[in-house]
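Take 256 as the starting number for the sequence shown in my numbering and just add one per residue. The beta carbon of each residue, even a glycine, is placed where N, CA and C say it ideally should be. Below: the structure, in structure tokens.
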Amino acid sequence: MTRTPGWGPVAGRTAFLALVLLLAVPTGVRAQELDGVVMRRDSTVVPGVMVELHRVTETSGALHDSTRADDDGRFSFSLTDAEGGALFVAGARHEGVLYWGPPVHATVQPELEDYPVFVFDTAAVDSPVSDLRLAIRHVVLTPTASAIQVEEIIDIGGQPDRTLVPASDSAIVWSGALATGARGVVVVSGGVPEEDVLVFEKAVGFRGALPPTGIRLAVQYFVPSLDYEFTAEQPTDRLEVLAMPGPGTVFRVSGLTEAPTGGTMPVPVRRFTASDLQAGDVVTVGVSFEEPSRGRAWIWLLVALALGTAAIVSVRLNARAA
């Protein structure tokens, strides 16, 4: 069973493209050699593992070269980027899991020495690990007339010195609850591969490799009411809720504090946050819609009448001219 954790919270096949979008191509001298070492976090080298070099562009990622680390855990690759603008990233396979080093450009410096690829020993688990902590949970709420569309990005932290892997094809490494009444749950891009996510009636589970650096899981669903309610199952460092208001939308929140958006949002949005959630903590966002006031309704009626009168006059004038 081969698993592929990312070099940070983002794991899986989408991590390459996400990094391409986030990193600008620097100018400088074209690098010729990437000299690295495979090691554990305590700096103990790991000899003999297979190391892969991948070349990544805005549209694709492919295996560029491979080699085996020597007795000192060291490896070397020649970087060639005839087209320019590509990222290179090396990954080492250890105990069936592929670990990535940091992405680099072929133009950053003449030589890259001691490029690190950190690997970890694995621990097989038969059931979800209950003491994993969530680093952050992003939630976007889009109310409609009778339901709320929900999009969530969940960053799940791992254990400090072990990569957790499922002991069997049916084992789950992590599971977490969704909002009360969640329906139509689907896995979306931006996180772990879809095949590593299981969808239950009111929860999601992860059955891939979960390294100490953590993973990111992204889902979308809807709540068939105008009340979003979430009960934390694991400690969560931060919860970020972005609520998309429409005309007359009113939000009633509990367990959250409103925070500024920073003025960078392209559309109107309300931001609510909570920190250091513990298991059992509950947050709610209720939605209602204000009816237009009587005075405002008269204004719109007058505007509509004026526009209608203008249209009638225009038609009559055009008829006379004809």
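Query	Result
Q533 beta carbon near the ligand ZN (any heavy atom closer than 7 Å)	With respect to the ligand ZN, the structure offers nothing, as it holds no ligand at all.
Closest residue to F477 among I470, F485 and V293 (Cα-Cα distance)	F485
Assigned exposure category for E456 - 16 Cβ within 10 Å defines buried	exposed
Beta-carbon proximity check, V420 vs A473, cutoff 8 Å	no
E350, DSSP secondary structure in three states	coil
Check whether P466 and Y354 have beta carbons under 8 Å apart	yes
Inter-residue Cα distance where the pair is F506 and G469	33 Å
E307 in three-state terms, based on DSSP	strand
E450, DSSP secondary structure in three states	helix
A390, DSSP secondary structure in three states	strand
Identity of the residues DSSP links to Q475 by a beta bridge	E406 and V441
Cβ neighbour criterion (16 or more within 10 Å) applied to P398	buried
Member of L494, E513, T504 and P523 whose CA lies at the smallest distance from the CA of D536	L494
Close-in-space but distant-in-sequence residues of the same chain around S331 (CB under 8 Å, 5 per side omitted)	E288, L289, D290, G291 and T322
Burial state of P358 (16 or more Cβ within 10 Å)	buried
Per DSSP, the bridge partner or partners of R417	D376
Element boundaries [beta strand (DSSP E), containing M499]	Where M499 is concerned, there is no enclosing beta strand (DSSP E), given that its DSSP letter is neither H nor E.
Segment limits, beta strand (DSSP E) that includes E513	T512 to A514
Under the three-state DSSP convention, the category I411 falls into	strand
Short Cβ contact (8 Å threshold) for D451 with G463	yes
Close Cβ partners of E488 (< 7 Å) along its chain, the five nearest in sequence each way excluded	G431, A432 and A534
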